[in-house]
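Since the structure comes first, as structure tokens, the remarks are kept for the end.
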Amino acid sequence: MKLGALKNFKECKDKLELIYENGKANIYFVSDEIVRFEIPCMTDDYVSVAVEGNKKIPCEYKTEKISDGVNISGTKTDISVRDDFAVEIRDKSGKVIMKDYSKGRIIPQTISEKSVKLLEAEGHSASSYLHSDYKVQDLKCIDKDDLFYGLGDKTGYLNKREYYFENWNSDIPLAHTEAVPALYKSIPFFICKKKDSVYGLFYDNTYHGYFDFGKENSSYFVYGADDGNLNYYFIYGEKITDIIEKYTYLTGRTPMPQLWTLGYHQCRWGYESANDIREVAHGMRENRIPCESVQYDIDYMDNFKVFTWDEEFYEKKGKLMEELSHDGFKPVVIIDPGTKKEEGYFMYDQGIKNDYFAKSPDGSVYVNKVWPGDATFPDFGRKEVRDWWAESHKNLTDMGVMAVWNDMNEPASFEGPLPDDVVFHIEERETDHREVHNVYAHFMDIATFTGMKKLTGRRPLVITRACYAGTQKYAAVWTGDNQSLWSHLQMLIPQLCSLGISGYALAGTDIGGFGANSNSELMCRWIEAAVFSPFFRNHSAKGSRAQEPWKFNDETTDIYRKYVELRYKFLPYIYDLFYQCQKTGLPIMRPLVLHYEDDENTFNLNDEFLVGENLLVSPVVMQGATRKMVYLPEGTWYDYWTGEKHEGKCYIIKNAPLGVCPMYIKAGSIIPTYESVQYVGEKPYDKLILLTTPGAAEYVHYQDNGVDYKYEDGEYNLYKFSKGSDEKLSTEMIHEGYKKYKEVVIENDV
Ligand code: GLC
23 MKLGALKNFK
33 ECKDKLELIY
43 ENGKANIYFV
53 SDEIVRFEIP
63 CMTDDYVSVA
73 VEGNKKIPCE
83 YKTEKISDGV
93 NISGTKTDIS
103 VRDDFAVEIR
113 DKSGKVIMKD
123 YSKGRIIPQT
133 ISEKSVKLLE
143 AEGHSASSYL
153 HSDYKVQDLK
163 CIDKDDLFYG
173 LGDKTGYLNK
183 REYYFENWNS
193 DIPLAHTEAV
203 PALYKSIPFF
213 ICKKKDSVYG
223 LFYDNTYHGY
233 FDFGKENSSY
243 FVYGADDGNL
253 NYYFIYGEKI
263 TDIIEKYTYL
273 TGRTPMPQLW
283 TLGYHQCRWG
293 YESANDIREV
303 AHGMRENRIP
313 CESVQYDIDY
323 MDNFKVFTWD
333 EEFYEKKGKL
343 MEELSHDGFK
353 PVVIIDPGTK
363 KEEGYFMYDQ
373 GIKNDYFAKS
383 PDGSVYVNKV
393 WPGDATFPDF
403 GRKEVRDWWA
413 ESHKNLTDMG
423 VMAVWNDMNE
433 PASFEGPLPD
443 DVVFHIEERE
453 TDHREVHNVY
463 AHFMDIATFT
473 GMKKLTGRRP
483 LVITRACYAG
493 TQKYAAVWTG
503 DNQSLWSHLQ
513 MLIPQLCSLG
523 ISGYALAGTD
533 IGGFGANSNS
543 ELMCRWIEAA
553 VFSPFFRNHS
563 AKGSRAQEPW
573 KFNDETTDIY
583 RKYVELRYKF
593 LPYIYDLFYQ
603 CQKTGLPIMR
613 PLVLHYEDDE
623 NTFNLNDEFL
633 VGENLLVSPV
643 VMQGATRKMV
653 YLPEGTWYDY
663 WTGEKHEGKC
673 YIIKNAPLGV
683 CPMYIKAGSI
693 IPTYESVQYV
703 GEKPYDKLIL
713 LTTPGAAEYV
723 HYQDNGVDYK
733 YEDGEYNLYK
743 FSKGSDEKLS
753 TEMIHEGYKK
763 YKEVVIENDV
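Using our numbering, the first residue of the sequence shown is number 23, and each one after it goes up by one.
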């Protein structure tokens, strides 16, 4: 990859082509703030999976030859590019923002083969001890104060400095500790916050990727990939929020969800019959715990054949769904990509007949094992395969299914990983598993989203386990198979905040933990901490302790109900945040550093978060704890529960026995709420209740039918609420296109 001396450069339409001694490189000017750097090691015409359409915004860059390279002067940044495609980017005051590290890696001593064998004999993975140059590699300088945020669902903490991660979508049923380098998702985007500047990097390459944030050496960051082009977007901004806005401009934003999808969902792999589902649904209503869906895991299928129904245990197709729909339950079903290899099964027969499955290099259909035993893998990168899969959802929507949960789409396989050379496609182009693995789920999710949108006319809820950058346009995510561990409850906060700043606004964890056995205290603390998780679902594994709240004790049920009701109260606020997300890309759950980036107390704050800008939540996530040390950033804050006033930029100790999740609202806030219901649609939302805190405030509230796309034709309302220091509220309709509330009232219970 050493390009050598720069020989020449030429300006083409949208790019600058640099001719080096040993190859060439390209620089694309996407906008004043976004520049793409590319070494086309694999292909000259890379088409991004994540960045759809032409994102070019007119911008101005002037180039000038200097003795050892080229200087490029833009309106926001100055870029110098030298031999070996060494890039340096400065702001207009001359301050260096990002700089390539040109000295090469100082690769730590690789351990001996003998030691690897010993380690592996006891079951250790030796891969993290092995180091070598990657085929595609990029090194950037790290400064003493640099902090790294993003990368999606990775384990551990908010700040990734000195950690090492990989991008290879992986099904990890074992505990997700910070030693696990890759989970289910690959989002090669991160933000580097420096002492007095910030930038973003998006390495758009779908091959197995590697990120070392100064673990190997504190002077540099390493990006590596097994193949493909070196292809990264540099994103400039003054603030962290600017970087998120630009990144989501490139890769797309989470679309407006249906309102009910933001309510509570109950699930378990182990509801083995219609009666199990029925009992849980009745249990939710009897215990007065609001709930939108009791989800159907793989048990509902006939022999784990996707798009089928097991009539022996789950009664006649559609009957249960119909029955429960009268009580407000919306059917959500799981679908896996692995399609059972069985002649006579319609999906398999259609796939074979039309040549829709991935193949081995010898031309035979590739088979591995998943839930149904021998299974084939649809080649989702091809449009005709996606269209077939999309239409197959009619089997579900005809039954009444309203949302689909895509699982095992890394793709997971039980008989070892898919070999590198399994033949797949990206659109018409033939390629192999190495390039497609990390975008396999992305293409599957496009198929599901398109199918459900067309078949129902509603905003689809597609929940996916695996994804790549940009999948946020099509699917919500959950963090896969966590466990009922306090450390996994703690990780909920940095993990969902990291997903949020990486474009995934609609994300959640399995509340209570999927694997292992939960307990009453953990359940209570989990529902408290998860109450503002954008995707809000309790899920658990077969064989683990049941996790419906009433299976523990009355206290757990009461606390659980209190928080699910709280969620329903704040639904209009959460919905507003999704509306804003369309415009800014900013997530619902935000780390404090997003809005207080000059306050070093927020840089590594892993146990609290903001919901929007003005609601701060600091859950108790330690076993046995009944008090919480809460950091309040600058400003005046009001305790949500007691109304107590606190001046910020300090730590306080909050008494937080089981059932109390510390929450604070900033002075000068208006927050819209609803009365809690048992499910969205139980009764019309005629009354909007505004929670306010003292001080001048302005707030824009969005309202539409919460279901379909009529808002795109203007069927929505935008209210602008304002109040001065006299606390008198005034309302202005910025847009009026939908049935208005009958009543808007202020309730100052804060
Ligand atoms: C996987 C999923 C889990 C699901 C199970 C059975 O482990 O991550 O959520 O319940 O498969 O379908």
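We put the beta carbon where it would ideally sit given N, CA and C, even for glycine.
None of the values given here were measured: they were computed from a predicted structure.
A check of alpha carbon separations from V73 across G178, H464 and A563 identifies H464 as the nearest. G537 has its CB no nearer than 6 Å to any heavy atom of the ligand GLC. Residue nearest to A551 within the set L514, Y232, S435 and N253 is L514 (criterion: CA-CA distance). Look at W331: its beta carbon is at least 6 Å from all of the heavy atoms in the ligand GLC. In the DSSP assignment, R589 falls within the alpha helix (DSSP H) that extends over D576 to K591. DSSP lists V633 as the beta-bridge partner residues of M611. Closer than 6 Å to some heavy atom of the ligand GLC: that describes the Cβ of D319. Taken in chain order, the whole beta strand (DSSP E) runs of length 3 or more contained in the segment 147 to 225 are 158 to 163, 169 to 172, 186 to 189, 211 to 215 and 220 to 225. In the three-state scheme derived from DSSP, where H, G and I count as helix and E and B as strand, W663 is classed as coil. Contact between the segment 389 to 397 and the segment 350 to 364 is present: three or more C-beta pairs spanning the two stretches fall below 8 Å. Around the C-beta of K591, 16 or more other C-beta atoms lie within 10 Å, and the residue is accordingly described as buried. In the three-state DSSP reduction, T715 falls in the coil class, being neither helix nor strand.
Beta-bridge annotation (DSSP): F743 is paired with Y721 and T753.
Bounds of the alpha helix (DSSP H) holding R547 are S542 to A552. DSSP, reduced to helix, strand and coil, places E413 within a helical segment of the structure shown. Collapsing the DSSP output to three states places I515 in a helix.
Here Y336 has A296 and Y322 as same chain residues with Cβ atoms under 6 Å from its own Cβ, once five neighbours each way along the sequence are excluded. A distance below 6 Å between beta-carbons, with the five flanking residues on each side excluded, links I581 to the following residues of its chain, in chain order: C546 and G681. Here the distance from the Cβ of G360 to the nearest heavy atom of the ligand GLC is not below 6 Å. Within the DSSP secondary-structure output, Q505 pairs in a beta bridge with G537. Cα atoms of V92 and R104: separation of roughly 7 Å, rounded to the nearest angstrom.
DSSP places Q280 in the coil class of the three-state scheme, outside both helix and strand. Apart from the 5 residues on each side of it in sequence, L141 sits with its Cβ closer than 7 Å to the Cβ of A148 in its chain, given in chain order. Less than 7 Å separates the beta-carbon of V766 from that of L710. Distance between I128 and S241, taken at the CA atoms: about 10 Å. Scanning its chain for C-beta atoms nearer than 7 Å, with the 5 sequence neighbours on each side dropped, one finds around V328 the residues I357, D358, T361 and M369, in chain order. Contact between K671 and N636 does not hold, since the beta-carbon distance rounds to 16 Å and is not under 8 Å. A straight line joining the alpha-carbon of L346 with that of T470 spans about 24 Å. Distance from L161 to D122 at the Cβ level is roughly 6 Å; contact confirmed, criterion being Cβ atoms closer than 8 Å. The beta-carbon separation of N181 and P210, rounded to 18 Å, does not stay under the 8 Å limit for a contact. Secondary structure of K125 (DSSP, three-state): coil. When rounded, the separation of the alpha-carbon atoms in K705 and W572 is 26 Å. Taking 7 Å as the cut-off, the beta carbon of S124 is found no closer than this to the beta carbon of A143. Ranking I675, Y618 and M644 by CA distance to the CA of E656 puts Y618 first. Contact annotation: the segment 716 to 735 touches the segment 475 to 487, with at least three C-beta pairs closer than 8 Å.
Here DSSP, grouped into helix, strand and coil, assigns P594 to helix.
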